[in-house]
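Working notes, beginning with the structure itself.
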Amino acid sequence: MANRKEQGCSLSSFILWETSLQYHTNDVILSTVNAVTAVFALLGNLAITWTMKKKKLMETPCDILTCSLTLVDCVAASVARPLYTALRMYLHRDDMTCSSLWSLTKATEFAILFCVGCSLMHMVMIAGDRYLALSKPVEYRTPHANKVTRWLACACWVIWSMIVILLQWIIPSRTEPFLRVAMAIALLTSLVVFKVKTFLIIFRYNRSVISDINSLEVQRLILRERKVLVDTRFTLAIFMVLFIPTVVLSIVKPDGIYGNAVFPWSMTITLHNSGINPLIHVWRNRKLRKSIVEVFWYREE
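Last residue of the sequence shown: number 300 in numbering that gives the first Met the number 0, and the count goes up by one each step with no gaps.
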C-alpha cells in the first residue's frame with residue numbers, strides 16, 4: 000500500500016482509472032461473485048461445445064457461429080474474468096508497485112478487449128447470417144455455406160488477435176481510445192444495417208405470403224429461419240444490455256464511488272454475458288437441450 004501511495008500511481012486504462020483503497024469489501028464480494036460465476040460459465044460453455052461436436056449439431060452456418068461464440072465465452076470465463084478478479088484484489092496488496100499494477104492492468108485490458116470485441120463481431124456475423132438465411136433459404140443450408148462460415152469464424156478470431164497485438168505493441172497509446180470507438184461504431188453500424196435488411200426481408204415475405212407467391216417449401220424454410228432469428232435476438236439483446244452501461248462509464252470515467260465501486264460491478268456484469276449465453280442456448284434450443292441430457296446423463300445399459 001505504501002509503495003503505490005509513495006509512487007502516486009496514475010492509470011488511464013478504460014478498465015481502471017481509480018485506484019482508491021477504500022472499497023476493499025466491495026472488491027472482495029465482487030471477486031467472489033466473479034470467480035464462482037466464471038467457473039459456471041466455463042463448464043457450461045465447454046458442455047455445449049462438447050455436445051455440439053459429439054452429436055454433430057453444427058448443421059447450419061448459424062450453428063457454426065454459435066459454437067464459435069461459445070468458444071469465445073470459454074476464453075472470457077477462463078482468461079478475462081480471472082484476470083479482472085486478480086486486478087481488483089491486487090489493488091489492495093501492500094507490495095503492489097505501479098509497474099506491476101500497470102502490467103496486470105494492460106493484460107486484463109487486452110483480454111477483455113479481445114473477448115468483448117470478438118463477441119460483438121460474432122453478433123454482427125450472426126445478424127448477417129439471419130439476413131442470408133431469410134433472403135436465400137434454399138441456398139443457405141449447403142456444405143459450401145458451412146465451409147464459408149467456418150472460414151469467417153476463424154477469421155474473426157485472427158482479426159481480433161491481430162487487433163490486440165497492434166494495440167499492445169504497435170499503435171501509440173494516445174490513439175487507442177479513438178481506434179476502440181471507431182471499431183465499436185463500425186460493428187454497431189453493420190449490426191443495425193443487417194437488422195434493417197432482415198426486417199425488410201420479413202416485411203416483403205409477409206406480403207408475398209398473402210399473394211401466394213412463395214412455394215410451400217420456401218415458406219417452410221423461411222418460417223424455420225425466423226424461429227432461429229427470434230432465438231438469436233435474445234443473445235443480442237442480453238449482450239447489448241450488459242455492454243452499453245459499461246461502455247458509457249468507461250468513456251465518462253467518473254470519480255469516487257462510481258469509478259471505484261459502480262464501474263467494477265458494471266464490468267463484472269458485462270463479463271457475466273459468458274455465463275448467460277449458455278443458458279440462452281439451452282433454453283431456446285430444444286435439440287441442444289436433449290443432446291446435453293443424452294451426453295452427460297444418459298447411460299446405456
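Glycine included, each C-beta is placed from N, C-alpha and C at the ideal position.
* Asked: If T197 sits next to P60, beta carbons under 8 Å apart, how far is it from one beta carbon to the other, in whole angstroms?
  -> Here residue 197 is taken as the residue at index 198 of the sequence shown, counted from 1. Here residue 60 is taken as the residue at index 61 of the sequence shown, counted from 1. About 15 Å separates the two Cβ atoms, so there is no contact after all.
* Nearest-angstrom Cα distance between S160 and F109? -> For the purposes of this step, residue 160 is identified with residue 161 of the sequence shown, where counting begins at 1. For the purposes of this step, residue 109 is identified with residue 110 of the sequence shown, where counting begins at 1. Straight-line Cα distance between these residues: approximately 10 Å.
* Alpha carbon to alpha carbon, how far is G43 from S273? Give it in angstroms, no decimals. => Within the sequence shown, numbered from 1, the residue matching residue 273 stands at position 274. Within the sequence shown, numbered from 1, the residue matching residue 43 stands at position 44. Whole-angstrom Cα-Cα distance: 9 Å.
* State buried or exposed for F177, treating a residue as buried only when at least 16 other CB atoms are found within 10 Å of its CB. => Taking the first residue of the sequence shown as 1, we reach residue 177 at position 178. With fewer than 16 Cβ atoms within 10 Å of its Cβ, F177 is classed as exposed.
* Asked: Over what stretch of residues does the alpha helix (DSSP H) that includes T48 continue unbroken?
  -> Start at 1 with the first residue of the sequence shown, and residue 48 comes out as number 49. Run containing T48: H23 to K53, per the alpha helix (DSSP H) assignment.
* Within 9 Å, strictly: CB atoms of I279 and F233 -> Numbered from its first residue, the sequence shown carries residue 279 at position 280. Numbered from its first residue, the sequence shown carries residue 233 at position 234. Yes, these two residues count as a Cβ contact at 9 Å.
* Where does P81 land, buried or exposed, given buried means 16+ other C-beta within 10 angstroms? -> Residue numbering aside, residue 81 sits at position 82 when the sequence shown is read from its first letter. Result: buried.
* In chain order, which alpha helix (DSSP H) runs of at least 4 residues are fully inside the stretch 94-176? -> 97-134, 136-139 and 142-164
* By the 10 Å Cβ neighbour count, where 16 or more other Cβ atoms means buried, how is A76 classified, buried or exposed? -> The residue given as residue 76 occupies position 77 in the sequence shown. Buried.
* Assuming I111 contacts A79 (C-beta within less than 8 Å), just tell me the rounded distance between them. => Along the sequence shown, read from residue 1 onward, the residue named residue 111 stands at position 112. Along the sequence shown, read from residue 1 onward, the residue named residue 79 stands at position 80. Going by Cβ atoms, the distance from I111 to A79 rounds to 5 Å, so yes, they are a contact pair.
* For S118, I'd like the list of residues in its chain whose CB is within less than 6 Å of its CB, leaving aside the five on either flank, ordered along the chain. => Position 119 of the sequence shown holds residue 118. Excluding positions up to five away in sequence, the list reads V71.
* Asked: Closest to T69 by CA distance: which of L131, M122 and M239 is it?
  -> For the purposes of this step, residue 69 is identified with residue 70 of the sequence shown, where counting begins at 1. Among L131, M122 and M239, the Cα nearest to that of T69 is on M122.
* Could you say which of Y130, K52 and N33 lies nearest to L199 if we only look at CA atoms? => Along the sequence shown, one-based indexing puts residue 199 at 200. When only C-alpha atoms are compared, the closest one is Y130.
* Can you find a CB in chain D that lies within less than 9 Å of the CB of T50? -> Judged by its chain identifiers, the structure shown contains no chain D, having just a single protein chain.
* Asked: Can you list, in chain order, the stretches of the alpha helix (DSSP H) that have 4 or more residues and sit fully within the stretch 241-286?
  -> 262-270 and 272-283
* Asked: Roughly how many angstroms lie between the CA atoms of R324 and I63, to the nearest whole one?
  -> Because the chain spans 0 through 300 in this model, residue 324 falls outside it and cannot be assessed.
* Does the separation of the CB atoms of S67 and A152 fall below 9 Å? -> In the sequence shown, the residue the question calls residue 67 occupies position 68. In the sequence shown, the residue the question calls residue 152 occupies position 153. For S67 and A152, yes; Cβs fall inside 9 Å.
* To do: For T48, collect the residues of the same chain with a Cβ closer than 8 Å to its Cβ; drop the 5 residues on either side in sequence, then sort them by chain order.
  => As a working note, residue 48 is residue 49 in the sequence shown. Excluding positions up to five away in sequence, the list reads C66, T69, L70 and C73.
* Nearest to V35 by CA position, among Y297, S290 and L270, is which residue? -> Here residue 35 corresponds to residue number 36 of the sequence shown, with the count starting at 1. Closest option to V35, Cα to Cα, is L270.
* Asked: Ordered along the chain, which non-local residues of its own chain (more than five positions away) have a Cβ less than 7 Å from that of C367?
  -> As displayed, the chain neither begins before 0 nor continues past 300, which places residue 367 out of reach and without an answer.
* To do: Can you have a look at Y83 and say buried or exposed, based on whether 16 or more other CB atoms are within 10 angstroms of its CB?
  => Indexing the sequence shown from 1 puts residue 83 at position 84. Looking at its Cβ environment, which holds 16 or more other Cβ atoms inside 10 Å, Y83 is buried.
* Please work out which residues of its chain come closer than 8 Å, Cβ to Cβ, to C155, disregarding the five sequence neighbours upstream and downstream, and give them in chain order. => Counting from 1 along the sequence shown, the entry for residue 155 is found at position 156. If we look at C155 and ignore the five residues flanking it on each side, its Cβ neighbours are S67, C117, M120, H121 and M124.
* **Contact under 9 Å by Cβ, L29 with W264** => Stepping through the sequence shown from its first residue, residue 29 is reached at position 30. Stepping through the sequence shown from its first residue, residue 264 is reached at position 265. Yes; because the gap between Cβ atoms is below 9 Å, this pair is in contact.
* **Check whether M51 and L287 have beta carbons under 9 Å apart** => By 1-based counting over the sequence shown, the position of residue 51 is 52. By 1-based counting over the sequence shown, the position of residue 287 is 288. For M51 and L287, yes; Cβs fall inside 9 Å.
* **Local conformation of R92 per DSSP, three classes** => Stepping through the sequence shown from its first residue, residue 92 is reached at position 93. Three-state result, R92: coil.
* To do: Would you please state the rounded distance, in angstroms, between the beta carbons of Y89 and A260? I believe it to be under 8 Å.
  => Taking the first residue of the sequence shown as 1, we reach residue 89 at position 90. Taking the first residue of the sequence shown as 1, we reach residue 260 at position 261. That pair is no contact at about 17 Å.
* **Cβ distance (whole Å) where I14 is taken to contact T104 below 8 Å** => What you label residue 14 is simply residue 15 of the sequence shown in a count that begins at 1. What you label residue 104 is simply residue 105 of the sequence shown in a count that begins at 1. Contact holds; Cβ gap of about 7 Å.
* Look at the Cβ atom of S290, then the Cβ atom of K135, and state whether they are nearer than 9 Å. => Here residue 290 refers to the residue found at position 291 when the sequence shown is read from its first residue. Here residue 135 refers to the residue found at position 136 when the sequence shown is read from its first residue. For S290 and K135, no; Cβs fall outside 9 Å.
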